[in-house]
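Following: one structure in structure tokens, then a few remarks.
Numbering (this note's numbering), first residue to last: 1452 to 1960.
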């Protein structure tokens, strides 16, 4: 990857796919033993000496000790080096991970995606010696389409992890600094028509018994494959009773609609910027919703489910939503499942209400930490921590100071914890300046937006945090506007709905 991408805060990723929050049936894990070298700086060349390292794993600590000349560093308010953002030291530990993998024959005509679950602090990807892409944000996954890079049979993947970067200045949490790949790496396959984005937002009506489920999905394709005639289906079932509550479907909107005179008038008003903050008159909103999907391949609908069991930390009732992407012949091309819970969360005055009732938060801050493996944790580690918190009557967790592994939120959904989902933003040493630095604007919005897009369906998440100890500036305002737009409004083009205010009206989550 050419250029000093590790000192370019405006460049948050290259060729990274949109954030997606579903599992895929056709998956190959790349966890295990990788070939490894630790270089002094990102522009250094590899030599012939390779060592074995485990993925997930950190080169800064394994079995409680540091094997290489780069031990963990702990800082609180200060950066671990003395340069000014976005510059980092020339001596910059860079880990090169490499391994072979085999692509099965039946993936030959499918789309193939690489999933890198976490990295500290920037990763570049190459397949068979060809650059694929780059990602920043240590605690959210980066995914890359490698269809045109990998071949059936034997392949070589290389992940280059640069420890210090422009991103380090907004990952300045009071924590142990590490380097490596702390979360899983895998590849998965889809058909050429696939689910690109999926937002499921469950809610609860005032009667406390009727659940609402809003689903927004974007369908895309590669190689010019048409998705006209495709359908997205969903089945909702109680996870305990295994009884299907409802089945519903939506045809994929693959064509722009021909505008009627009334629609044309509304469209002209939108073009002239007449409606801000979803401010269109009520009688025009249905026209807006019908008229202009974000792009071809869009599906949205909202349903009601009677007699549901509400979710709360005290009674974490879950439902399973199974999605099927169906081609014009009726064949299921993609199948995946999410767990959801129906609940209503509001702030009214000074009260936090869950399902209409005041709740008291007994919370704790949580870092990814293990004395032997650093930030590398198993699902069993997380479950043990949460069960211990239950034993001591805690009911809430703040994911200080970055998004946790999706498995952790799955467990919070299951065991019953309220969660404050915190974006991977802390600029402690420069908290009065970076939050207003336009060079970091994209990074702030990107990190907050991708966190919400990944975790929007989790009932446990009742608050979103824009970061920790990073001041309060224009970059935060922009990130907040994106989240409120995504969470609250219909997915019409952003020019209609941009919110430039941080109001204090009662709001739902």
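Ideal Cβ placement from N, Cα and C applies to all residues, glycine included.
Residue i - DSSP class collapsed to helix/strand/coil
i, result
"residue 1942", "Model confidence at residue 1942 stands at a pLDDT of 39, short of 50, so the residue's coordinates are unreliable; what they give is reported in the following sentence. Here residue 1942 sits in coil by DSSP."
"residue 1537", "coil"
"residue 1892", "helix"
"residue 1753", "strand"
"residue 1831", "helix"
"residue 1485", "strand"
"residue 1567", "strand"
"residue 1853", "coil"
"residue 1900", "helix"
"residue 1810", "coil"
"residue 1686", "strand"
"residue 1735", "helix"
"residue 1473", "coil"
"residue 1592", "coil"
"residue 1915", "strand"
"residue 1505", "strand"
"residue 1837", "helix"
"residue 1519", "coil"
"residue 1926", "helix"
"residue 1718", "helix"
"residue 1947", "The pLDDT assigned to residue 1947 is 27, lower than 50, so where the model puts this residue is not dependable, and the model offers no usable value."
"residue 1610", "strand"
Cβ-heavy atom distance, residue i to the ligand NAD, below 7 Å
i, result
"residue 1503", "Annotation note on the ligand NAD: not contained in the displayed structure, which lists no ligands."
C-beta atoms of residue i and residue j nearer than 8 Å
i, j, result
"residue 1965", "residue 1659", "The displayed coordinates of the chain run from 1452 to 1960. Any statement about residue 1965 would go beyond what the structure contains."
"residue 1684", "residue 1753", "no"
"residue 1968", "residue 1750", "In this structure the chain extends from 1452 to 1960, so residue 1968 is not present and cannot be described."
"residue 1636", "residue 1481", "yes"
"residue 1486", "residue 1550", "yes"
"residue 1844", "residue 1590", "no"
"residue 1475", "residue 1651", "no"
"residue 1561", "residue 1640", "yes"
"residue 1793", "residue 1649", "no"
"residue 1583", "residue 1570", "no"
"residue 1613", "residue 1554", "no"
"residue 1902", "residue 1924", "no"
"residue 1638", "residue 1565", "yes"
"residue 1835", "residue 1858", "no"
"residue 1930", "residue 1899", "yes"
Where residue i falls, given that 16 or more other Cβ within 10 Å makes a residue buried
i, result
"residue 1524", "exposed"
"residue 1611", "buried"
"residue 1702", "exposed"
"residue 1878", "buried"
"residue 1932", "buried"
"residue 1657", "exposed"
"residue 1597", "buried"
"residue 1463", "buried"
"residue 1503", "exposed"
"residue 1737", "exposed"
"residue 1889", "exposed"
"residue 1723", "exposed"
"residue 1454", "exposed"
"residue 1799", "exposed"
"residue 1541", "exposed"
Own chain residues within Cβ distance below 7 Å of residue i, not counting five before or after
i, result
"residue 1511", "1517, 1521, 1522, 1523, 1629, 1630, 1631, 1825"
"residue 1671", "1645, 1647, 1748"
"residue 1911", "1860, 1863, 1864, 1868, 1869, 1870"
"residue 1676", "1643, 1644"
Limits of the alpha helix (DSSP H) - the one that residue i falls within
i, result
"residue 1642", "Run containing residue 1642: none; DSSP gives neither H nor E here."
"residue 1860", "1857-1866"
Nonlocal neighbours in the same chain, by C-beta distance under 8 Å from residue i, ignoring five residues either side
i, result
"residue 1812", "1803, 1846, 1847, 1869"
"residue 1809", "1802, 1803"
"residue 1882", "1920, 1921, 1922"
Sequence-distant residues of its chain with Cβ nearer than 6 Å to residue i (five each side left out)
i, result
"residue 1773", "1686, 1788"
"residue 1735", "1717"
"residue 1459", "none"
"residue 1680", "1779"
"residue 1975", "In the structure displayed, the chain extends from 1452 to 1960; residue 1975 sits before or after that span and is not available."
"residue 1959", "Caution applies to residue 1959, whose pLDDT of 39 falls short of 50 and renders its modelled position unreliable; the value that the coordinates give is listed next. So the list reads 1797, once near-sequence residues are dropped."
"residue 1775", "1684, 1783, 1786"
"residue 1852", "1624, 1873, 1877, 1919"
Short CB-CB distance (under 8 Å) between residue i and chain C
i, result
"residue 1594", "Included in the structure is just one protein chain, with no chain C present."
Run of the beta strand (DSSP E) containing residue i, from where it starts to where it stops
i, result
"residue 1790", "1783-1791"
"residue 1656", "Where residue 1656 is concerned, there is no enclosing beta strand (DSSP E), given that its DSSP letter is neither H nor E."
"residue 1973", "Residue 1973 is absent from the structure shown; the chain starts at 1452 and stops at 1960."
"residue 1584", "1581-1587"
"residue 1528", "Per DSSP, residue 1528 belongs to no beta strand (DSSP E) and is neither H nor E."
"residue 1628", "1626-1628"
"residue 1663", "1662-1672"
"residue 1907", "Residue 1907 -> no beta strand (DSSP E), and no H or E assigned at all."
"residue 1551", "1545-1554"
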